[in-house]
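See structure below.
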Amino acid sequence: IPIMNIAMELSFNEPNYFSRVFKKKTGFTPSEYRDRSREI
88 IPIMNIAMEL
98 SFNEPNYFSR
108 VFKKKTGFTP
118 SEYRDRSREI
């Protein structure tokens, strides 16, 4: 699922803002998190 779709589904108007909030909470960008979860 594209990051943009996830951001919009969660009511973030700007995907970049979603990415900043996500990184602040998790320590990873959404893309980094997705890549790491695929490795598991």
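Under the working numbering, the sequence shown has 115 at position 28, and the numbering climbs by one with no breaks.
All C-beta atoms, glycine included, are put in the ideal place defined by N, C-alpha and C.
Item, Value
"Could you give the DSSP three-state label for S124: helix, strand or coil?", "helix"
"Looking at the unbroken alpha helix (DSSP H) that takes in N92, where does it start and where does it end?", "I90 to E96"
"What does a CB cutoff of less than 7 Å around M91 pick up in its chain, not counting 5 residues either side in sequence?", "P102"
"Does DSSP put T113 in a helix, in a strand, or in coil?", "helix"
"Can you tell me whether DSSP reads N100 as helix, strand or coil?", "coil"
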